[in-house]
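Worksheet: the structure to be examined is printed underneath.
2 protein chains.
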Amino acid sequence: MSFRAVTRNPAYEQVAQQLREAILDGQLRPGDELPSERELCAQFGVSRTTVREALRALQTQGLAVQAGPTAPLRVPQPDALSTGPLRDSLVHLMKLGRVPLSDLVELRCALEAAAVATAANTLGLAPLNDPARQRAAAHVADARAALDTMRRQLADTPPAAAGSDADPALAPAAPAVADVAAFEQADVAFHVALVAASGNEALQLVMLAVRDSISTHLRDALTGDHASQRTLNRLARQHEAILAAVEAGDARDAELLLRDHVIGFYRGTTRR
Amino acid sequence: MSFRAVTRNPAYEQVAQQLREAILDGQLRPGDELPSERELCAQFGVSRTTVREALRALQTQGLAVQAGPTAPLRVPQPDALSTGPLRDSLVHLMKLGRVPLSDLVELRCALEAAAVATAANTLGLAPLNDPARQRAAAHVADARAALDTMRRQLADTPPAAAGSDADPALAPAAPAVADVAAFEQADVAFHVALVAASGNEALQLVMLAVRDSISTHLRDALTGDHASQRTLNRLARQHEAILAAVEAGDARDAELLLRDHVIGFYRGTTRR
DNA sequence: CCGGCCTGCTTGTCAGACCAGCAGTCCAGC
DNA sequence: GCTGGACTGCTGGTCTGACAAGCAGGCCGG
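Taken in order, these protein sequences are the chains called E and A.
Going by our numbering, the first sequence opens with residue 1, and the numbers climb by one from there.
Going by our numbering, the second sequence opens with residue 273, and the numbers climb by one from there.
Encoded structure:
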């Protein structure tokens, strides 16, 4: 108990710690440049080697970023932290820990279900002039836009099935083949917008990381096409149902529909 | 999409990347020692400076740990990643002001609720000889043991003086239990065991990081006593109720009770 | 006034050196 | 023979000084 942190304090760790604190305490603010390496040498009274190792640590944590090859390090905008180190941590954890895909999917399910429930409650219960409600509504609108994009791409594809539902905006002048990458991108945008509608930053960040981790996992496991016309149509229909439930403020429905959607998707994708 | 590697590839980044892949691909397994710095210099044909910066990056990501001051770097056990870099990422994000505490609490709620629901379902639905069920039962037993520990500490404490709880500054010398740290430790053990009972590794790892991140935040925000006798008794009662629901296989009850418990706790703790 | 050069910064990288610790070895003295 | 201490060779941690490449700004000549 008595010998806690005495274990190791190399000079580079101390330097890194001081810089970290300066950044996290706001003495260095997002966008600010860090002093040059040689300047830091003078400030801390250590050699450039030591300073560089400290900076490499900060850089790895995402607390310092650099624009160009010879550009100075700068304090990043906070949201860069989520796409960088947080995502990497999760991916490493899953890869190293041999976490099965099913666990990850269940985790994603829980996160996203909580998000849509919160979003639905916000829309269903909050007063109309509540700024949180307005933000949520804006994100839901984004989700709807993404859904429309998916629909449009489905419609542009040569019709294989007769069930072409009622689609108001059709643009037959678009390229012939549906761009699978773009479709997936719209799918991502849909889910991201939904989670954003919850207004919970933490939920959103972790969800993004988990999602990323899952797709990395999938990419490693199989070079999936999993893009049959019927599947895509089913995805779009499920999206529509989820969105409707959220817009109606029905948290319970939204949650259940989303669980079905996510679990069904991954059940269809992973066959082995 | 694919604008990844074009950005920058200093030598230390390349070395770090190769080592990363070796670790994540399992060429180097948990517990293995990495080659010495000088050896890596020879292998990669770079100077020790470069190797050291790469190693510092790996170390920061938690993909390499060292025991003693002059000990060689080794590949960590996977679960060390959750308490290390993942936790740090979350803490940094919060400190940079991007994520309010309430969001994190909601996140924790969602994670833990999903866990107890899964655990309850496993106990309630799985056949008796299902190994998953047996694992879950073992973890639930752990949870009960932790709860008993909390209870015992509460019982060992002399009945507190009349709880005039409105003045924390007056009598801080009267702890509600003999050993507050041990009580908290038992509390942690309870929640960890519950989540472990879900059998979902991913859930457990992320939950640990989030929980850690929250308590760091709290420790920074207030030197919490938040330990009135009545509060602690209430916590124990809530634990009992949650545990009972899980043991009874009642997922819905377990989820709701847990949400109340977590949210209530943090509502009582954060006053501002 | 404008363009090119030059100087001075930055980061990236290298080579070599030294220190403090730890482990294994090996020899001397008991 | 056995034990103790010195010795040797490793490890990581740190420093020094040097050079290349890239960028910015100033300065000088046309």
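Glycine included, every Cβ here is placed at the ideal spot set by N, Cα and C.
Among the options, which residue has its Cα nearest to the Cα of residue i?
{"i": "A/L335", "options": "A/L312, A/L291 and A/A389", "result": "A/L291"}
{"i": "E/R152", "options": "E/A182, E/A126 and E/R133", "result": "E/A182"}
{"i": "A/T488", "options": "A/E285, A/Q315 and A/L373", "result": "A/L373"}
{"i": "E/A11", "options": "E/D260, E/G45, E/V210 and E/G68", "result": "E/G45"}
{"i": "E/V99", "options": "E/P85, E/A145, E/I214 and E/P78", "result": "E/I214"}
{"i": "A/V467", "options": "A/A409, A/A391, A/A517 and A/A516", "result": "A/A391"}
{"i": "E/A145", "options": "E/L258, E/D212, E/A209 and E/H239", "result": "E/H239"}
{"i": "A/R483", "options": "A/V464, A/C313 and A/R346", "result": "A/V464"}
{"i": "E/N121", "options": "E/E255, E/T49 and E/F265", "result": "E/E255"}
{"i": "A/A516", "options": "A/Q406, A/G369 and A/A413", "result": "A/A413"}
{"i": "E/T50", "options": "E/C109, E/N9 and E/Q61", "result": "E/N9"}
{"i": "A/H411", "options": "A/G521, A/S470 and A/R310", "result": "A/S470"}
{"i": "A/L345", "options": "A/D351, A/A352, A/Q331 and A/L358", "result": "A/Q331"}
{"i": "A/F462", "options": "A/A427, A/L426, A/M422 and A/Q501", "result": "A/M422"}
{"i": "E/L218", "options": "E/V246, E/V188 and E/Y266", "result": "E/Y266"}
{"i": "E/L81", "options": "E/A248, E/Q61 and E/A57", "result": "E/Q61"}
{"i": "A/K367", "options": "E/P131, E/V91, E/E21 and E/L96", "result": "E/E21"}
{"i": "A/V478", "options": "A/A314, A/G356 and A/P302", "result": "A/G356"}
{"i": "A/I514", "options": "A/Q476, A/A415 and A/D402", "result": "A/A415"}
{"i": "A/V534", "options": "A/A523, A/D522 and A/A508", "result": "A/A508"}
Does the Cβ of residue i have 16 or more other Cβ atoms within 10 Å, making it buried, or fewer, making it exposed?
{"i": "A/E305", "result": "exposed"}
{"i": "E/A71", "result": "exposed"}
{"i": "E/Q27", "result": "exposed"}
{"i": "E/E53", "result": "buried"}
{"i": "A/L327", "result": "buried"}
{"i": "A/L397", "result": "exposed"}
{"i": "E/N200", "result": "buried"}
{"i": "A/A339", "result": "exposed"}
{"i": "A/S319", "result": "exposed"}
{"i": "E/N233", "result": "buried"}
{"i": "E/E39", "result": "exposed"}
{"i": "A/G369", "result": "exposed"}
{"i": "E/L123", "result": "buried"}
{"i": "A/L400", "result": "exposed"}
{"i": "A/S361", "result": "buried"}
{"i": "E/A103", "result": "The sequence as given places Asp at residue 103 of chain E; Ala does not occur at that position. Its Cβ being crowded by 16 or more others within 10 Å, E/D103 is buried."}
{"i": "A/Q560", "result": "There is no way to answer for residue 560 of chain A, as the model of chain A reaches only from 273 to 544."}
{"i": "A/A389", "result": "buried"}
Does DSSP put residue i in a helix, a strand or coil?
{"i": "E/L128", "result": "coil"}
{"i": "E/L86", "result": "helix"}
{"i": "E/Q18", "result": "helix"}
{"i": "A/R531", "result": "helix"}
{"i": "E/A161", "result": "Any reading at E/A161 must be qualified, since the residue scores a pLDDT of 42, below 50, and its modelled position is unreliable; the value itself is stated next. Three-state result, E/A161: coil."}
{"i": "E/R98", "result": "coil"}
Taking residue i as part of the alpha helix (DSSP H), name the residues at either end of that continuous run.
{"i": "E/A248", "result": "E/A248 -> no alpha helix (DSSP H), and no H or E assigned at all."}
Enumerate, from N- to C-terminal direction, the unbroken beta strand (DSSP E) stretches of 3 or more residues contained entirely within the stretch 23 to 72 of chain E.
-> Runs found: none.
Return the chain-ordered ranges of every beta strand (DSSP E) run that is complete within the stretch 180 to 234 of chain E and spans a minimum of 3 residues.
-> Taken in chain order, the whole beta strand (DSSP E) runs of length 3 or more contained in the stretch 180 to 234 of chain E number zero.
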